[in-house]
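In this text, residue positions in the sequence shown follow the working numbering: the first is 57, and each later residue adds one.
Heads up, the beta-carbon is just placed ideally off N, CA and C, and yes, glycines get one too.
For reference, the structure is listed below as structure tokens.
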Amino acid sequence: MRLCRFAVAMLFFVSPVISARAQTKSIAERLGYPPDSKLLIIHADDLAVAHSQDTASFAALDQHAVASASIMVPCPWLTEVVDYAKAHPDADLGLHLTLTAEWKTYRWGPVASRNTVPSLLDPSGYLWPEVEPAVRNIKTEEAEREIRAQIERAVAMGIHPTHLDSHMGTLFARPDLFAVYVNVAREYKLPFLAVRTPDAPKELLSMLTERDFLLDSLVIADPSVNPANWKAFYTNAIKNLKPGLTEIIVHLGHDDAEMQAVMVDHPDYGAAWRQRDYDAVTSPEFKKSLEDNPVILIHWSDLKKLLN
């Protein structure tokens, strides 16, 4: 998941003003924990992109190194994820709603019929490679048609999604796209990724209600993190967690021939990056940091249960 600058800004948009009209109990209290608890979801993005991505993510899920993951339905390795989901019915698997295809030589198109979502396609006939041109060109009704098609494809194949989020933050990058994301999530009774920050446009605040679960913090590595300090980045994040709900997002994979070919000429979130993320979350240091700090690990499925 690469995020352009304005997509990042839109992702962290939800103001504490909402709390004035929110439910009297915090998320922690609603889950049965003390109100000042430090709740944490450790989450892996990008399932179905590649076999290497899947095997690393499945291993991390099986080891409980991550609690949840999200699936890119348009991607070629979807059936492998479907098999895993059927064999692990309790796995916390959401949908990484996908409106972009960012890799240089490895691209994908929409799930909906191409003639019904032409604004989602770049001149080569694939999804737009970056958020900026996608946001300039995508028509709202076609974005909604595509994300509904992705959800319906996943469900039809036997996946029972626990939550929704957005690949590269595209659905956070325009208010009308965010409105589609929120409304579709509510229709399917799924929690969705949104993070509170001190400043937020009123037009976005008006879309949210007391039933929406808002993260208090999101941790994700970016290119400023030195590879030599990769494990320390995550262990320090755990050490510095504040009360509330935090999600750590990682991108897992192996630095093998497949991932190197898929992510050629792309060091950010590329093959070596994903190997570092895998090594970090499965390391003894990471496990010890969770044991040494008062952190309560939860799943998106725990939040989904509160909606039903």
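**Request:** Tell me, to the nearest whole angstrom, how far the beta carbon of G309 is from that of S108; I am working on the premise that it is less than 8 Å.
**Result:** Indeed they touch by this definition, with Cβ atoms about 5 Å apart.
**Request:** Take W286 and list the residues in its own chain whose beta-carbon comes closer than 6 Å to its own, dropping the five residues that flank it on each side.
**Result:** Cβ within range, chain order: R332, A336.
**Nonlocal neighbours in the same chain, by C-beta distance under 7 Å from L362, ignoring five residues either side** = Excluding positions up to five away in sequence, the list reads R86.
**Prompt:** On the premise that L274 lies in contact with F248, defined as a C-beta separation below 8 Å, what is that separation, rounded to the nearest angstrom?
**Reply:** Their Cβ separation, rounded to whole angstroms, is 13 Å, which puts F248 and L274 out of contact at 8 Å.
**Message:** Less than 6 Å between C-beta atoms, sequence neighbours within five positions excluded: which residues of the same chain meet that for L271?
**Reply:** For L271, where only same-chain residues beyond five positions count, the Cβ hits under 6 Å are V251, L301, E303.
**Message:** When you compare the CB positions of T265 and E341, do they come within less than 8 Å of one another, or not?
**Reply:** In this structure, T265 sits away from E341, with a CB-CB distance that is not shorter than 8 Å.
**Message:** My output table needs one value for K94: the three-state DSSP class, helix, strand or coil.
**Reply:** Residue state, collapsed to three classes: strand.
**Message:** What would DSSP say about S124, mapped onto helix, strand or coil?
**Reply:** DSSP, read as helix, strand or coil, puts S124 in strand.
**Request:** Quick one: residues in its chain with C-beta nearer than 8 Å to the C-beta of S345, no 5 flanking neighbours on either side, listed in chain order?
**Result:** The answer, listed in chain order, is Y290, T291, I294, K295.
**Asked** Do W184 and N171 have their CB atoms nearer than 8 Å?
**Response** No; because the gap between Cβ atoms is not below 8 Å, this pair is not in contact.
**Request:** Identify, in the order they occur along the chain, each residue of the same chain with its Cβ nearer than 7 Å to the Cβ of Q79, setting aside the five sequence neighbours on each side.
**Result:** A caution first: Q79 carries a pLDDT of 49, below 50, which makes its placement in the model too unreliable to give a value.
**Request:** Quickly, what does DSSP pair V306 with across the bridge? List them, please.
**Result:** Assignment of beta-bridge partners to V306 by DSSP yields A100.
**Asked** Looking at L153 and Q119, is the spacing between their C-beta atoms short of 8 Å?
**Response** Judged by their CB atoms, Q119 and L153 are not nearer to each other than the 8 Å cut-off.
**Prompt:** On the three-pair Cβ rule with 8 Å, is the stretch 210 to 225 touching the stretch 113 to 132?
**Reply:** Contact holds: three or more Cβ-Cβ distances are below 8 Å.
**Item:** Bridge-paired residues (DSSP) for W38
**Value:** The chain is shown from 57 up to 364; residue 38 falls before or after that span and cannot be answered.
**Asked** Taking the continuous alpha helix (DSSP H) assigned at L346, which residues delimit it?
**Response** The continuous alpha helix (DSSP H) containing L346 extends over residues 340 to 348.
**Under the three-state DSSP convention, the category I352 falls into** = Strand.
**Message:** So for G225, helix, strand or coil by DSSP?
**Reply:** In this structure, G225 counts as helix in the three-state DSSP scheme.
**Request:** Would you check if there are 3 or more beta carbon pairs closer than 8 Å linking the stretch 161 to 168 to the stretch 135 to 142?
**Result:** Contact fails: fewer than three Cβ-Cβ distances are below 8 Å.
**Item:** Endpoints, alpha helix (DSSP H) assigned at L233
**Value:** Residues 231 to 243.
**Message:** In whole angstroms, give me the CA-to-CA distance for R77 and M263.
**Reply:** Interpretation of R77 is limited by its pLDDT of 40, a score under 50 that renders its predicted location unreliable; the figure taken from the coordinates is listed afterwards. Taking the straight line joining both Cα atoms gives about 13 Å.
**Message:** Taking a contact to mean a Cβ-Cβ separation below 8 Å, would you say T156 touches E186 in this structure?
**Reply:** In this structure, T156 lies near E186, with their beta-carbon atoms less than 8 Å apart.
**Prompt:** Using the rule of at least 16 other Cβ atoms within 10 Å of the residue's Cβ for burial, across every protein chain shown, is D105 buried or exposed?
**Reply:** In the sequence under discussion, the amino acid at residue 105 is Val, which differs from the Asp named in the question. Classification for V105: buried.
**Item:** Close-in-space but distant-in-sequence residues of the same chain around W159 (CB under 7 Å, 5 per side omitted)
**Value:** In the same chain as W159, and ignoring 5 residues on each side of it, the C-beta atoms closer than 7 Å to its own belong to V318, M319, H322, in chain order.
**Message:** Does G88 pass the burial test, meaning 16 or more other C-beta atoms within 10 Å, or should it be called exposed?
**Reply:** Flag for G88 reads exposed.
**Message:** Tell me the DSSP secondary structure of I83 in three-state form.
**Reply:** Helix at I83.
**Request:** Quick one: grab the DSSP three-state call for S108.
**Result:** It is helical.
**Request:** With DSSP as the reference, label L363 as helix, strand or coil.
**Result:** For L363, the three-state secondary structure derived from DSSP is helix.
**Asked** Between the C-alpha atoms of I83 and W356, what's the straight-line distance to the nearest angstrom?
**Response** Those two C-alpha atoms are separated by around 12 Å.
**Message:** Looking at the secondary structure, which residues open and close the beta strand (DSSP E) in which V275 lies?
**Reply:** Per DSSP, V275 belongs to the beta strand (DSSP E) from 273 to 276.
**Item:** Own chain residues within Cβ distance below 7 Å of T338, not counting five before or after
**Value:** The answer, listed in chain order, is A116, Q119, A121.
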